[in-house]
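Some notes on the structure that comes next.
2 protein chains.
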Amino acid sequence: MQQLPVLSAFVEQHATQKHFPETPENLYDPLRYFLSIGGKRMRPILTLMAAQAFDVSKEESIHAGLAIEFFHNFSLIHDDIMDAAPVRRGMQTVHEKWNSNIAILSGDVLLVEAYQQLLAYPDHRLAPLLQRFNQTAIEVCEGQQMDMDFEARADVSEAEYIEMIRLKTSVLLGCALEFGAILANQSDDTRKRIYDFGVELGIAFQIQDDLLDLYADPEKFGKQVGGDILSNKKTLLMLRAKHLAESKNDSRFEELIQMPANESKIAAAKALFIELGAVEEVTSVMNEYYNKAMADLNSLPILEELKAPLHDLADYLLNREH
Amino acid sequence: MQQLPVLSAFVEQHATQKHFPETPENLYDPLRYFLSIGGKRMRPILTLMAAQAFDVSKEESIHAGLAIEFFHNFSLIHDDIMDAAPVRRGMQTVHEKWNSNIAILSGDVLLVEAYQQLLAYPDHRLAPLLQRFNQTAIEVCEGQQMDMDFEARADVSEAEYIEMIRLKTSVLLGCALEFGAILANQSDDTRKRIYDFGVELGIAFQIQDDLLDLYADPEKFGKQVGGDILSNKKTLLMLRAKHLAESKNDSRFEELIQMPANESKIAAAKALFIELGAVEEVTSVMNEYYNKAMADLNSLPILEELKAPLHDLADYLLNREH
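Pasting the structure below:
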C-alpha cells in the first residue's frame, strides 16, 4: 500500500486546489465547498494507479482522474437533491446549505468542468476518453433513474438490482481504471479487462455496502447502521431474504417489513436474515464478483509487481485486510 | 430566405427522430417529449447555415447543430425547474408533467447526449469543437446564475445586465455559428468574427425581446404582453427608464414599481417609458449591437451571395422584414 498515500495526497491536492472563478459566487462557492469536504477520492486514485501500472505518470493522468472525480461530485450534488439528503460526508449538502436551484446549476457546471479536464490531452487521446466517459455518464444517469423507479415498485428482481448498481456506481470505477489504460495506449482487449475488473469490483463493493449497512460495527461505520432496513430499501440482502422466506413459507419477512422503523426492527432483521441464510448467500454472490474481478486483474498484461497496488486497493475496498 | 425552410425541415427531422433508448422510460420519455414540442430550432440552423457558407454540407454539420440544440434544451429543462415555470412553448414543462427529480436527471443526460453528438467528428475537429462548447456551456451557467442573483439585488447596472444576457443567451448563438467555421477549418480570425457576429446578434435579439415584452402586438406575441413589468423584472428597458427618471427627478418610475400587477400597470409603463425616452434609447442600444453584428458579418471572407442567408436570418430574428 505504499502507492496509496502518495497518490491520495496528490489527488487531494489537485481536487481541492482546482481554481474556479471568483464570481458568480453562488455558482462557484458551492463547488469550492463540496470539493473541499472530500471523500476518499477512490475513483481518481484508481485512474492514477492504473496509469502507473502501464507506466504513465501521475502528472499525466491527473486530469483524467479529476474528470472522474468532478463527474462523481456532480452526480452526488444532484443525487442529494433528488434524495432530499441533508448531510453528505458529515457536512451539509449543497442544496441544504444554499438551495436546490443553486445545487442544480453548480452541479451542471461541475459536469462541464469534468469534460474540460479531458481537454488537457492530445486529440488522439481525447476521442477514446470522451467515448468511454459519455457512455459511462449516460449509464450512471440510467442507474440513478432505475434506483428512483425501484422505490415505487414491489417486484424488483435481483438481476434488476444488480443491473442498477452496475450502472449507478460500478461503471464509473471501470471507466476510472480504463482511463489509465487509454492514456497508455493499451489494446482494446486490455482496456476491456481492466474496465471489467473495475465494474466487478464495484458490484462487489456495493453488495458489501448492503451487508455493512446492517452488520457493520457502529463505532466504525460512519453512518447509521440499519438505515436500509428502516426505509425498507430493496437491497440485494432484502431481495434475497424475501425470496428465501417465500420459498420456506416463512411469514416473518413480511412481518418485518410491517414493523415500525426502530431499533427492534434492526435487531429483528439482523437475526432473521442470518437465520434465513440470506447473509451467507449474499456474501457468496459478493465473493463471486470479487473473484471475477481478481481473475480479470490477474489476466492483465502487467508485471505482477505493478499489479500489486491494484490488488491491495481492491482488498482495501473490500475490507479484506482490515 | 430559400435556405431557411430547407435547413429548418432538416434540423426538425433530426431533432425529433433522434433515437433514445426505450428504458428507463422516466429518463428518456421526457427527452422524447421535450424535443418533440420543438421551438424554432434557430441555433442549429445557425450552425448549418454557417457551415454551408463555408461549403460544408448540412449532412456533415448536423451533429454539431444537434449538440447545440440538445444543450439548449438541457438548459431550458433545468431553467424551467429553477423558474418554477409551468408552461414552455404552450406545453407543460418537464418538471410539471413529471417531477423535478426527473427533470434534473433527464436534463443531465441530455447534456451528455450533446457531447455525444460531437463524437461524430474526427479527432482533429473534436478538440476545437469541445473547447468552444465547454467554454460556452460554462458561460451559459454563469449567465443563468447572474440572472437568478439579479432578482434579489436592487443595484443591477446596465453593464451587468448586458453581460448577463451575453452569457445566458448570446454566447450560444456565437458558438452555434463558430461550429460551422470550425468544421470548415477556418482561421482563428474568421472563427472570432463569426462568433462575435452571433454574440452581438444575440444581445440585439434579447434587447428586442425586452421591448417586445411591452410593445408587441398581443395577437402575434405568443406570450403575455407586459410579463416583465408585472414582475418588475430588471430588463434593460426597466434599468434605463429608472436611470432617466432619477436624472429628471421624476417620481413616476418608483410609483410604477409600487403599483399592483394588473393591466393598469402595463398601460402606465408603456406610456411612461416612451415619455421618459427609454424606449428610444434602448432601441438605439439594440441597433448598435445589430450594426456591430452586421459589420462582423460583412467582414467575413465569404462571397456575398453565400452571406445572404445569414443576413436574411439576422433580419428575420430582428423582425426587420416583418
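Chains as they are written, first to last, in the working numbering: chain W, 2 to 323; chain L, 2 to 323. Where a beta carbon is used, it is the ideal one built from N, C-alpha and C, also for glycine.
Same chain, Cβ closer than 6 Å to residue i, neighbours up to 5 away in sequence not counted
i, result
"Arg194 (chain W)", "Asp297, Ser300 and Leu301"
"Glu322 (chain L)", "Summary for Glu322 (chain L): the model assigns pLDDT 48, below 50, so the residue's position carries little reliability, and this model does not support an answer."
"Gln4 (chain L)", "Pro310"
"Gln117 (chain W)", "none"
"Arg253 (chain L)", "Leu273"
"Val280 (chain L)", "Phe274"
"Glu164 (chain L)", "none"
Neighbour list for residue i in chain W, Cβ cutoff strictly below 7 Å
i, result
"Pro25 (chain L)", "Glu143, Gln146, Met147 and Asp150"
"Ala138 (chain L)", "Val113"
Same chain only: Cβ atoms within 7 Å of residue i, ignoring 5 sequence neighbours per side
i, result
"Ala86 (chain L)", "Thr94"
"His73 (chain W)", "Arg44 and Leu173"
"Ala115 (chain W)", "Ala68, Phe71, Phe72 and Phe75"
"His15 (chain W)", "Ile63 and Leu67"
"Thr1 (chain W)", "Residue 1 (chain W) is absent from the model: chain W starts at 2 and stops at 323."
"Glu97 (chain L)", "Pro87"
"Ala22 (chain W)", "Looking at the sequence provided, one finds Pro at residue 22 (chain W) rather than Ala. Answer for Pro22 (chain W): Tyr29, listed in chain order."
"Gly40 (chain W)", "Arg90"
Within 9 Å, strictly: CB atoms of residue i and residue j
i, j, result
"Gly181 (chain W)", "Thr48 (chain W)", "yes"
"His79 (chain L)", "Ile105 (chain L)", "yes"
"Val7 (chain L)", "Ile63 (chain L)", "no"
"Leu120 (chain W)", "Asn135 (chain L)", "yes"
"Ile166 (chain L)", "Gln207 (chain L)", "yes"
"Ala65 (chain L)", "Leu130 (chain L)", "yes"
"Leu273 (chain W)", "Ala242 (chain W)", "yes"
"Tyr196 (chain L)", "Gly175 (chain L)", "yes"
"Leu212 (chain W)", "Met147 (chain W)", "no"
"Lys271 (chain L)", "Glu152 (chain L)", "no"
"Val110 (chain W)", "Ile139 (chain L)", "yes"
"Met50 (chain W)", "Leu311 (chain W)", "yes"
"Val113 (chain L)", "Leu304 (chain W)", "no"
"Ser107 (chain W)", "Phe35 (chain W)", "yes"
Anticipated Cβ contact below 8 Å, residue i with residue j, distance rounded
i, j, result
"Ile46 (chain L)", "Ser76 (chain L)", "Going by Cβ atoms, the distance from Ile46 (chain L) to Ser76 (chain L) rounds to 18 Å, so no, they are not a contact pair."
"Leu184 (chain W)", "Glu60 (chain W)", "Leu184 (chain W) to Glu60 (chain W), Cβ: 11 Å. No contact."
"Leu178 (chain W)", "Gly144 (chain W)", "About 18 Å separates the two Cβ atoms, so there is no contact after all."
"Asp124 (chain L)", "Leu127 (chain W)", "7 Å"
"Arg90 (chain L)", "Asp81 (chain L)", "In fact, because the Cβ distance is near 11 Å, the residues do not count as touching under 8 Å."
"Leu240 (chain L)", "Val157 (chain L)", "7 Å"
"Leu257 (chain W)", "Ala268 (chain W)", "In fact, because the Cβ distance is near 11 Å, the residues do not count as touching under 8 Å."
Close Cβ partners of residue i (< 8 Å) along its chain, the five nearest in sequence each way excluded
i, result
"Ser278 (chain W)", "Just to set this straight, residue 278 (chain W) is Gly in the shown sequence, not Ser. So the list reads Leu245, once near-sequence residues are dropped."
"Ile308 (chain W)", "For clarity, residue 308 (chain W) is Lys in the given sequence; the question names Ile instead. Excluding residues within five positions, the ones whose Cβ falls inside 8 Å are Ala54, Leu298, Asn299 and Leu301."
"Tyr291 (chain W)", "Glu201, Leu202, Ala205, Ala315 and Leu319"
"Met83 (chain W)", "Gln145 and Met149"
"Glu255 (chain W)", "Ala246"
"Thr191 (chain W)", "Ala182, Leu301 and Pro302"
"Thr284 (chain W)", "Leu212"
"Glu159 (chain L)", "Leu237, Leu240, Arg241 and His244"
"Tyr122 (chain W)", "His64, Ala65, Leu130 and Leu184"
Proximal residues of chain W, C-beta to C-beta of residue i below 8 Å
i, result
"His79 (chain L)", "Ile105, Leu106 and Asp109"
"His125 (chain L)", "Asp124"
"Ala242 (chain L)", "The contacting residues do not exist; Ala242 (chain L) stays about 26 Å from chain W at best."
Under 8 Å by beta carbon: chain L residues contacting residue i
i, result
"Gln117 (chain W)", "Asn135 and Ile139"
"Ala160 (chain W)", "Those within 8 Å of Ala160 (chain W) in chain L number zero; the least Cβ separation is about 14 Å."
Partners in chain B for residue i, counting only beta-carbon separations shorter than 7 Å
i, result
"Gln132 (chain L)", "In the structure shown, chain B does not exist; the protein chains are W and L."
Beta-carbon neighbours of residue i, restricted to chain L and to distances below 7 Å
i, result
"Leu28 (chain W)", "Cys142, Glu143 and Gln146"
Chain-ordered chain L contacts of residue i [CB-CB under 9 Å]
i, result
"Ile82 (chain W)", "Ser101, Asn102 and Ile105"
"Ala65 (chain W)", "Going along chain L, no residue has its Cβ under 9 Å from Ala65 (chain W), so there is no contact; the nearest lies around 15 Å."
"Ala155 (chain W)", "Residues of chain L passing the Cβ test: none, with the nearest at roughly 17 Å."
"Ala52 (chain W)", "Chain L residues near Ala52 (chain W): none, gap ~21 Å exceeds 9 Å."
Contact set between residue i and chain W, taken where Cβ atoms lie within less than 9 Å
i, result
"Ala294 (chain L)", "Chain W residues near Ala294 (chain L): none, gap ~26 Å exceeds 9 Å."
Next on the checklist: Check whether the region 256 to 267 of chain L and the region 225 to 234 of chain L touch, using three or more Cβ-Cβ pairs below 8 Å as the test.
Outcome noted: Yes: at least three Cβ pairs fall under 8 Å.
Item to check | the region 26 to 34 of chain L contacting the region 103 to 121 of chain L, beta-carbon criterion three pairs below 8 Å | outcome: Taking 8 Å as the limit for Cβ pairs, the verdict is that the region 103 to 121 of chain L does touch the region 26 to 34 of chain L.
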